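Numbering (our numbering), first residue to last: 347 to 734.
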Amino acid sequence: MLALAGILPDFRLKSGDGDSATQIAITAASGAGAFGVLSALVWPLLVRALLLMPALVLGLLVFVLNGSMLLLALSLIPDGRGAAEPETAVVVAAVMSAASSATSTFLTVRDDGAYRRRLARLAGRRRRRLGEDGGSKQPPGTVFLQLDGVGHAVLREALRERENRPPVMPTVAGWIRGSHKVTPWRTDWSSQTGASQLGILHGSNEDVPAFRWYEKKTREVMVSNRPTSAAVLQRRAAARAGHEGLLTMDGASRGNLFTGGADQLALVLSVAARRGKHNRSRSGYFAYFSDPANATRTAVSFLAEVVREICQSTRAKLRRETPRVKRGGLYPFIRAFATVVERDVVVTAVMGDILSGRTAIYADLVAYDEVAHHSGPRSRDARQVLTR
Numbered sequence: 347m348l349a350l351a352g353i354l355p356d357f358r359l360k361s362g363d364g365d366s367a368t369q370i371a372i373t374a375a376s377g378a379g380a381f382g383v384l385s386a387l388v389w390p391l392l393v394r395a396l397l398l399m400p401a402l403v404l405g406l407l408v409f410v411l412n413g414s415m416l417l418l419a420l421s422l423i424p425d426g427r428g429a430a431e432p433e434t435a436v437v438v439a440a441v442m443s444a445a446s447s448a449t450s451t452f453l454t455v456r457d458d459g460a461y462r463r464r465l466a467r468l469a470g471r472r473r474r475r476l477g478e479d480g481g482s483k484q485p486p487g488t489v490f491l492q493l494d495g496v497g498h499a500v501l502r503e504a505l506r507e508r509e510n511r512p513p514v515m516p517t518v519a520g521w522i523r524g525s526h527k528v529t530p531w532r533t534d535w536s537s538q539t540g541a542s543q544l545g546i547l548h549g550s551n552e553d554v555p556a557f558r559w560y561e562k563k564t565r566e567v568m569v570s571n572r573p574t575s576a577a578v579l580q581r582r583a584a585a586r587a588g589h590e591g592l593l594t595m596d597g598a599s600r601g602n603l604f605t606g607g608a609d610q611l612a613l614v615l616s617v618a619a620r621r622g623k624h625n626r627s628r629s630g631y632f633a634y635f636s637d638p639a640n641a642t643r644t645a646v647s648f649l650a651e652v653v654r655e656i657c658q659s660t661r662a663k664l665r666r667e668t669p670r671v672k673r674g675g676l677y678p679f680i681r682a683f684a685t686v687v688e689r690d691v692v693v694t695a696v697m698g699d700i701l702s703g704r705t706a707i708y709a710d711l712v713a714y715d716e717v718a719h720h721s722g723p724r725s726r727d728a729r730q731v732l733t734r
C-alpha cells in the first residue's frame, strides 16, 4: 500500500498538511488491515449475492466491488488521511489482493501440515453434512476428464519423447508409464462433442446427426453449443434413457454442454439460459471468485492470451501458412475465454470436488479444441495449449 501511494498520483495516505513517516506507516497499516477484514468477512457475502450473474460478468464486476471495499476501508482511517479516486481504488485493490494471495501461497506452499488441515476440515464438513459417523468409509470416486477435440493419434504424439525433448503432455505421459493406459474408441455417425458427450452423460444421443441441423418437425435449427438447443437435447436424452444421467448420485458437472444430472454445476451450457436456485450454473465458480486475487490473476492471463493470439495469427500470415482461416474479430477474446477463464474456473471447481470427496466428477477442458479449429490440430499453437 505504501508503494502504491508513492506511485499513483490519485492515491494518498497522509493528511493535506503532511505527516511523519511513522504516521504514514500507521495509516497504511490501518487501511490494509481494514481492507483485509472486509475482504475476509464481506467479500464472500457479496459474491454469493451476485451468483445469478454469468461467470464472465461476475469476474469483471469483481474489480468494481474490490475497489469499493478499498474505498470503504480508506474511509475508516481516522482524520481522513486515506483517499483515492474510484478508478485508482480499483487498481490498488487488485494489486493488494494479488500480493496478498502470492504471499499466502508462498508461506504455505511447502507446509504439509496446512494442506492436511485443509483436507481434514473439508472432509469433516462433508461428513457432518451427510450425517456420516467417523468410522464410515466412502467408496473411491471417479474423475472423468475430457480433453475436447484431442484425437487418439494427436494424444499419442503428445505423449511421445522426441530427440531428447520431453513429451508435450508430461503429466499424462507419467500416468501412462505408471497407472493408466490409452485406449481408442469409435464414435457414432456424428463424432462431435454434442453427440459424444450427450451419450456419455445421459445414455442416449438419438437424433443428433451433426453439430448443427434443421429439424423438420419443429422447423428450427438445432445447434449443439446453443443453450436452448442443449437444454432440449438433454431433456430428450433423459426421457429416452429413463434416468437423469451419469452424475445423478452426488456428482459434479464442470465446463460441459450437459449436466449429466449433477447438482453441482459450473459453466454448464444446458442451464446457462435458466434462472433459478437449482438450475443455474453458479455455485461452481463461487469458490473461485470468492478470492478476489483469482479474478486479478485470470484477468491478467486473459489479456496475455489475447496478445498471444494476435501475435500467433500475425506470424501465420507472415509465414503464409496454409490452410489458414480468419482469426480476427472477436476470436482472440473467445479463445482467451476458453483457454484462461474456462480453464481456471473448471480446474478450481474440480480441485474442490476432489477435496470434498464427490462420487463422480466430469469436466471438459475446451482450450485445445478452440485453438485447433483455427490454428490446426498439430500446429505449434495447439501444442502449447496441450502443454499448459
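Glycine included, C-beta positions come from ideal geometry on N, C-alpha and C. Quick caveat: nothing in here was measured; it's all calculated off a predicted structure.
Non-local C-beta neighbours of Ser550 in its own chain, meaning closer than 6 angstroms and more than five positions away in sequence, comprise Ala583, Arg586 and Ala587, ordered along the chain. At least 8 angstroms separates the beta-carbon of Val528 from that of Tyr714. Beyond the five residues adjoining it in sequence on each side, Pro530 comes within less than 6 angstroms, by CB distance, of His498 in the same chain, given in chain order.
In the three-state reduction of the DSSP assignment, Val489 falls in the strand class. Between the alpha carbons of Val554 and Pro512 lies a distance of about 40 angstroms. For Phe683, no alpha helix (DSSP H) encloses it, and the DSSP letter there is neither H nor E. DSSP places Arg724 outside both helix and strand once states are collapsed to three, so it counts as coil. In the three-state scheme derived from DSSP, where H, G and I count as helix and E and B as strand, Val567 is classed as strand.
Straight through space, the alpha carbons of Ser702 and Asp596 are spaced by roughly 11 angstroms. Close CB contacts of Gln492 within its chain, under the 6 angstroms cut and outside five residues either way in sequence, are with Asp710 (chain order).
Secondary structure of Asp609 (DSSP, three-state): coil. Distance from the CA of Arg502 to the CA of Asp534, rounded to the nearest whole angstrom, comes to 22 angstroms.
In its chain, beyond the 5 residues on either side, Leu505 and Pro513 have a beta carbon closer than 6 angstroms to the beta carbon of Ala519. Within the same chain, Gly487, Asp596, Gly597, Ala598 and Gln610 come within 8 angstroms of Arg704 by CB-CB distance, once the 5 residues on both sides are set aside. Here the alpha carbon of Leu544 sits roughly 8 angstroms from the alpha carbon of Leu603. Nearest in C-alpha terms to Ala706, of all of Gly382, Leu592 and Arg532, is Leu592. Residue state for Arg581 is assigned as helix, using DSSP reduced to three classes.
Distance between Leu350 and Gly675, taken at the CA atoms: about 36 angstroms.
Put simply, of Glu651, Glu716 and Pro485 the residue whose alpha carbon is nearest the alpha carbon of Val686 is Glu651.
By the CB criterion at 8 angstroms, Arg643 and Ala444 fall inside the cutoff. Residue environment analysis places Tyr708 among the buried positions, since at least 16 neighbouring C-beta atoms fall within 10 angstroms of its C-beta. With a minimum length of 4 residues, the unbroken runs of alpha helix (DSSP H) contained wholly in the region 636 to 683 fall at 638 to 664 and 677 to 682. For Trp531, there is no enclosing beta strand (DSSP E), since its DSSP letter is neither H nor E. Nearest to Pro432 by C-alpha distance, out of Val489, Asp356, Gly379 and Ala380, is Asp356.
For Arg572, the closest of Arg724, Gly540 and Thr434 by C-alpha to C-alpha distance is Gly540. For Pro678, the CB contacts under 7 angstroms within the same chain, skipping 5 residues up- and downstream, are Val652, Glu655 and Ile656 in chain order.
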